[in-house]
Amino acid sequence: MKKIIEFTALILAALVMGVFWGTWFTLTRSIHDFSAAEFIHIGKTIIANVAIPMSVIMPATLFLMLVSLRQVRRVDRVSFYFYSLSFLLMVTTVIITVAVEVPIDNKIKRWTEATIPSNWESLRHTWAQFHTMRTFTSIASVGFFAWGFFKQIK
């Protein structure tokens, strides 16, 4: 059961990372090329697609990471440290998401081409910067969790 929980935590963390990596790789690197109308349309579409699933996947990931930490703490000290670092990085990812990205997303959901604020490019820039940060904290989180997981396989 221990390995199933740890493997599930790894898969969920990879799903979180995948959502952020996919968005960063396909959108964020060229986000400054989009017109206001394109930005609003793409933003609303992505928000509608990911908001609910990620509100389940991210807490489930953190929960299973914590369970994994508890299970491994007396069994494998090195894996415990990798899992701890992974957990802290995923918590950082969630904090960036909830404190910065979601509030901007909530604004974007209300925008139209006619009502877009004059500082929309600044908000877009902030969103892109923090999205890049959470993308790479999630990648590092998955990397450390995987390292701890595979280190235990003998």
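The sequence shown begins at 659 in our numbering and counts up one residue at a time. Yeah, the Cβ is synthetic: ideal placement off N, Cα and C, and Gly gets one too.
- Query: Given that a residue counts as buried once 16 or more other Cβ atoms are within 10 Å of its Cβ, and exposed if not, what is residue 677?
  - Reply: In the sequence shown, counting from the first residue as 1, residue 677 sits at position 19. It is buried - the Cβ of residue 677 has at least 16 other Cβ atoms within 10 Å.
*asked:* Relative to the C-alpha of residue 747, which candidate in 724, 768, 730, 729 has its C-alpha closest?
replied: Translated into positions along the sequence shown, residue 747 becomes position 89. Cα-wise, what sits closest to residue 747 is 724.
ask   = Between the C-alpha atoms of residue 703 and residue 766, what's the straight-line distance to the nearest angstrom?
value = Walking along the sequence shown from the start, residue 703 turns up at place 45. Walking along the sequence shown from the start, residue 766 turns up at place 108. Going from the Cα of residue 703 to the Cα of residue 766 covers about 11 Å.
Discussion item. Let me make sure I understand the geometry here. Which of 705, 694, 720, 745 has the alpha-carbon closest to that of residue 779?
Written reply: Residue 779 sits at position 121 when you count from the first residue of the sequence shown. Of the listed residues, the one whose Cα sits closest to residue 779 is 694.
_Taking 8 Å as the cut-off, does the stretch 791-802 touch the stretch 741-755 (at least 3 CB pairs, one atom from each stretch)?_
Flag = yes, the stretch 741-755 and the stretch 791-802 touch.
(Q) Taking the straight line between their C-alpha atoms, what separation do you get for residue 768 and residue 685? (A) Translated into the one-based positions of the sequence shown, residue 768 becomes position 110. Translated into the one-based positions of the sequence shown, residue 685 becomes position 27. If you take the alpha carbons of residue 768 and residue 685, they lie about 21 Å apart.
* To do: Give a yes or no on whether the C-beta atoms belonging to residue 719 and residue 670 are separated by under 8 Å.
  => Within the sequence shown, numbered from 1, the residue matching residue 719 stands at position 61. Within the sequence shown, numbered from 1, the residue matching residue 670 stands at position 12. Cβ distance < 8 Å, so residue 719 and residue 670 count as in contact.
Exercise. State the CB to CB distance for the pair residue 730 and residue 738, rounded to an integer number of angstroms; the pair is presumed to be in contact (CB under 8 Å).
Key: Within the sequence shown, residue 730 is the residue found at index 72, counting from 1. Within the sequence shown, residue 738 is the residue found at index 80, counting from 1. Going by Cβ atoms, the distance from residue 730 to residue 738 rounds to 5 Å, so yes, they are a contact pair.
For residue 690, which residues from the same chain have a beta carbon less than 6 Å from its beta carbon, with the 5 sequence-adjacent residues on both sides left out?
Sequence index remark: in the sequence shown, residue 690 carries index 32 (1-based). Scanning its chain for C-beta atoms nearer than 6 Å, with the 5 sequence neighbours on each side dropped, one finds no residue around residue 690.
Spatial distance of residue 798 from residue 752 (CA atoms): Along the sequence shown, read from residue 1 onward, the residue named residue 798 stands at position 140. Along the sequence shown, read from residue 1 onward, the residue named residue 752 stands at position 94. Near 14 Å, if we compare the C-alpha coordinates of residue 752 and residue 798.
Practice problem: Whole angstroms is fine: what's the gap from residue 668's alpha carbon to residue 722's? | Solution: Working through the sequence shown from its first residue, we reach residue 668 at position 10. Working through the sequence shown from its first residue, we reach residue 722 at position 64. Rounded to the nearest whole angstrom, the CA to CA distance from residue 668 to residue 722 is 9 Å.
DSSP three-state assignment for residue 645, whether helix, strand or coil:
Because residue 645 is not part of the residues shown, which for the chain are 659 to 812, the question remains open.
| For residue 799, does the three-state DSSP call read helix, strand or coil? | Counting from 1 along the sequence shown, the entry for residue 799 is found at position 141. Residue 799 falls in the helix class under three-state DSSP.
Worksheet item: Between the C-alpha atoms of residue 816 and residue 791, what's the straight-line distance to the nearest angstrom?
Response: Summary: the structure shown does not reach residue 816, with the chain confined to residues 659 through 812, and so no result is reported for it.
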